[in-house]
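K.L.:
In the numbering used here, the protein residues as written are -19 to 324.
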């Protein structure tokens, strides 16, 4: 019931936020949609983008690449159809009911129309190195926009640790969704025993504290500015869970990867590392000290991983406009013209 006016609505039109699109009708303001996981099936539908299940993998269901076998294409097609069936017959009707219940305006368009009227979608994708696919003009890839040209300074103790790692530093982080304290003890032991065998230093971002018999070459840190660490010249390898932002940041930095995906889009992201030839995939649930050590030493010593990573980094950085400048331009474009249906 607010009488406040707005020029623009920012939202992430992703499960379960779709009903927020009603604010566009309420404030008579266009929507700029941001997709943190990158483009997806429902985004293509909202944007009027074509979707070929024969070569565009569902990033949230499988770790397929664009080189799918017949059986993989079949599974990809079934997954896509089931996703859209659920989305239109179960998910969106629930959001339509929410709009009717809490925003009692009989002139409000159906939620499908509200979503189809989204002006533009900014996706956390890097078109230069992604799988080949079509994008309608209202889908703008801005992957890497969060990486500033002025890196966030590292804490002094972390900076010194990185500077002193002349033989190299491995950065180990499994993100925030999978906290280290839930790992079984045998996994922690396998990690530490592996690190102890390495001639390089290891910076481990973790919520664990006071680990008994912590190897001298290992430093624990609760938080570090990840892009700054990856961009440090002594960073030789990134051990990751394969989160979307981690993928963007390590590709930008040109650092090889050992990845252990857990769920969601991580399988797809890690498959992309392998597709680019910049990383090695491990199954976290069957990992052993020997398999962990072998993956790390292979990624460190096989020059192809570093060469591929540096090549991809150069491609990502060579753009006519930075991702942030592109995002700013298109947001201002929507503000200037408001109606962007011609981009669909």
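Backbone N, C-alpha and C define an ideal beta-carbon position, used for all residues, glycine too.
I need the DSSP call for residue 141, collapsed to helix, strand or coil.
P.N.:
helix
K.L.:
How about the stretch 180 to 190 and the stretch 200 to 210: do they share at least three Cβ pairs that are nearer than 8 Å?
P.N.:
yes
K.L.:
Where does residue -14 sit, in a helix, a strand or coil, going by DSSP?
P.N.:
coil
K.L.:
Throw me the rounded Cβ distance for the residue 209 and residue 151 pair, which I believe falls under 8 Å.
P.N.:
The Cβ separation is near 5 Å, so the contact holds.
K.L.:
Quick one: complete alpha helix (DSSP H) runs, 4+ long, within the stretch 9 to 44?
P.N.:
21 to 27
K.L.:
Mark residue -4 as exposed unless 16 or more other C-beta atoms lie within 10 angstroms of its C-beta, in which case mark it buried.
P.N.:
Classification of residue -4: exposed, given that the 10 Å Cβ count is below 16.
K.L.:
Leaving out the 5 sequence neighbours to the left and right, which residues in its chain are closer than 7 Å to residue 22 when beta-carbon positions are compared?
P.N.:
Only 67 meet the Cβ criterion.
K.L.:
Return the residue from the list 221, 170, 128 and 168 that minimises the CA-CA distance to residue 305.
P.N.:
The residue with the shortest Cα to Cα distance from residue 305 is 128.
K.L.:
Does the beta-carbon distance from residue 276 to residue 188 come in below 8 Å?
P.N.:
no
K.L.:
For residue 150, which beta-bridge partners are listed by DSSP?
P.N.:
182 and 217
K.L.:
Suppose the cutoff is 6 Å on Cβ atoms and the five residues either side in sequence are ignored; what does the same chain contact list for residue 3 look like?
P.N.:
-11
K.L.:
Taking all protein chains shown into account, decide if residue 27 is buried (16 or more other Cβ within 10 angstroms of its Cβ) or exposed.
P.N.:
buried
K.L.:
Starting from the Cα of residue 103, find the closest Cα among 263, 266, 123 and 245 and give me that residue.
P.N.:
123
K.L.:
Checking the sheet assignment: what are the DSSP bridge partners for residue 260?
P.N.:
238
K.L.:
For residue 116, which of helix, strand or coil comes out of DSSP?
P.N.:
coil
K.L.:
Taking 8 Å as the cut-off, decide whether the C-beta atoms of residue 64 and residue 25 are in contact.
P.N.:
yes
K.L.:
So residue 314 and residue 320 are supposed to be a Cβ contact under 8 Å. How far apart are they, rounded?
P.N.:
Yes, residue 314 and residue 320 are in contact; Cβ-Cβ is about 6 Å, under 8 Å.
K.L.:
Report the three-state DSSP secondary structure of residue 6 (helix, strand or coil).
P.N.:
Note: residue 6 maps to helix in three-state DSSP.
K.L.:
I believe residue 155 touches residue 43 by the beta-carbon criterion, under 8 Å. Please report the beta-carbon distance rounded to the nearest angstrom.
P.N.:
Between residue 43 and residue 155 the Cβ distance is about 17 Å, and since that is not below 8 Å, they are no contact.
K.L.:
Report the option in 287, 248, 233 and 38 whose CA atom is closest to the CA atom of residue 221.
P.N.:
248
K.L.:
Can you check DSSP and say which residues form a bridge with residue 201?
P.N.:
185
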